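Student: Residue numbers (the UniProt record's numbering): 1 to 283.
Structure provided below as structure tokens; questions to follow.
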Ligand SMILES: Nc1nc2c(ncn2[C@@H]2O[C@H](COP(=O)(O)OP(=O)(O)OP(=O)(O)O)[C@@H](O)[C@H]2O)c(=O)[nH]1
Ligand SMILES: [Mg+2]
């Protein structure tokens with residue numbers, strides 16, 4: 001029986017932790033037993049009760065306070081994640097061996113973890129060896145995608161993680177609730193964009209960059225890489241549309257949408273949830 005994992009990644013402040021807590025609440029609303037794992041050793045605050053918290057293994061503040069190591073915040077985070085990479089057994093112990101488990105991983109934002117350092121790729125491979133199907137969600141703050149150049153640079157960051165992680169990948173345009181009416185209309189063209197049209201808008205760039213953008217537009221078009229799913233957490237329909245895309249990527253079986261929460265009970269029985277009874281061993 002597969003297990004399912006959403007890997008929530010994206011630049012610092014793009015809304016990853018907020019998404020995890022909103023998605024957890026949404027899953028509760030639809031009676032899906034999901035759990036969040038905090039993988040950010042620098043996280044100071046998150047609005048959910050994690051089923052596992054990397055800070056119990058290692059914390060950035062402790063690493064930075066070490067007088068021999070002398071790391072700053074970024075070096076400290078890399079050190080923590082490399083330490084985590086050597087201790088996946090800790091995660092295994094925290095997660096247990098729950099069939100059919102559904103986990104949402106709240107990841108750190110530093111891009112180097114996905115491009116230069118092998119730890120996140122190793123995490124993916126380890127989770128796969130524990131029967132997890134994985135989907136990466138790459139969040140980009142909608143407030144930054146204000147013009148074509150920013151769009152192309154956002155896409156390149158998303159692509160670099162996608163190439164490295166090699167798992168199904170969904171781009172999410174976060175914080176849509178913060179956009180006014182006009183900005184919402186303006187951003188439409190970036191959600192399911194026509195790269196050639198966007199290219200036409202970068203005529204003001206120097207010929208060198210126009211050429212680069214043209215090459216990128218072709219790449220994006222050839223591989224159908226660019227769709228963004230808009231996310232407005234104040235709108236339940238937006239949350240459920242995103243979850244449908246994730247379910248498709250994970251090949252999540254809708255028939256098993258109602259399942260036993262982890263802590264519901266060991267003694268075997270079926271649990272009534274939302275009017276339907278499903279036992280742990282049901283297919
Ligand atoms: N209005 C609105 N604010 C949001 C949303 N998502 C996140 N925020 C705000 O944006 C800020 C950053 O959100 P976080 O969820 O901490 O972002 P993060 O990606 O986890 O940040 P790091 O862990 O530091 O990389 C916080 O002030 C959130 O309240 C959203 O969908 N709508
Ligand atoms: Mg966070």
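We put the beta carbon where it would ideally sit given N, CA and C, even for glycine.
No experiment lies behind these values; they were computed from the predicted model shown.
Compare the beta carbon distance of residue 52 and residue 63 with 8 Å and say whether it is the shorter of the two.
Tutor: No, the Cβ-Cβ distance between residue 52 and residue 63 is not below 8 Å.
Student: Keeping to the same chain, check which residues put their C-beta closer than 6 Å to that of residue 15; ignore five residues upstream and five downstream.
Tutor: The answer, listed in chain order, is 139, 174, 175.
Student: Alpha carbon to alpha carbon, how far is residue 117 from residue 39?
Tutor: In a straight line, the C-alpha of residue 117 is about 15 Å away from that of residue 39.
Student: From residue 92 to residue 207, what distance separates their C-alpha atoms?
Tutor: So the two alpha carbons sit approximately 52 Å from each other.
Student: Using only alpha-carbon positions, find the residue among 11, 18, 2, 22 that is nearest to residue 237.
Tutor: That would be 22, whose Cα lies nearest to the Cα of residue 237.
Student: Let me know the alpha helix (DSSP H) ranges lying completely inside the stretch 75-149, each 4 residues or longer, listed in chain order.
Tutor: Listed in chain order, they are 88-95, 112-115, 119-129.
Student: For residue 9, which beta-bridge partners are listed by DSSP?
Tutor: Per DSSP, 138.
Student: With hydrogens ignored, establish whether the beta-carbon of residue 7 is closer than 7 Å to any heavy atom of ligand 1.
Tutor: Because no heavy atom of ligand 1 lies under 7 Å away, the Cβ of residue 7 does not count as near it: no.
Student: Closer than 7 Å: is that where the CB of residue 238 sits relative to any heavy atom of ligand 1?
Tutor: No, the Cβ of residue 238 stays beyond 7 Å of every heavy atom of ligand 1.
Student: Mind the definition here: the stretch 77-86 touches the stretch 118-129 only if three or more C-beta pairs lie below 8 Å; say whether that holds.
Tutor: Judged by Cβ distances under 8 Å, the stretch 77-86 makes contact with the stretch 118-129, as three or more pairs qualify.
Student: According to the neighbour-count rule (16 or more other Cβ atoms, all chains shown, within 10 Å of its Cβ), is residue 244 buried or exposed?
Tutor: The residue in question, residue 244, is exposed, as its Cβ has fewer than 16 Cβ neighbours within 10 Å.
Student: Report the partner residues of residue 169 according to the DSSP bridge assignment.
Tutor: Answer by DSSP bridge pairing, in chain order: 136.
Student: Could you check where the alpha helix (DSSP H) with residue 209 kicks off and where it finishes?
Tutor: Counting along the chain, the alpha helix (DSSP H) containing residue 209 begins and ends at 207-222.
Student: So is the beta-carbon of residue 182 under 7 Å away from any non-hydrogen atom of ligand 1?
Tutor: Residue 182: no, Cβ never under 7 Å from ligand 1.
Student: Does residue 128 pass the burial test, meaning 16 or more other C-beta atoms within 10 Å, or should it be called exposed?
Tutor: Residue 128 comes out exposed.
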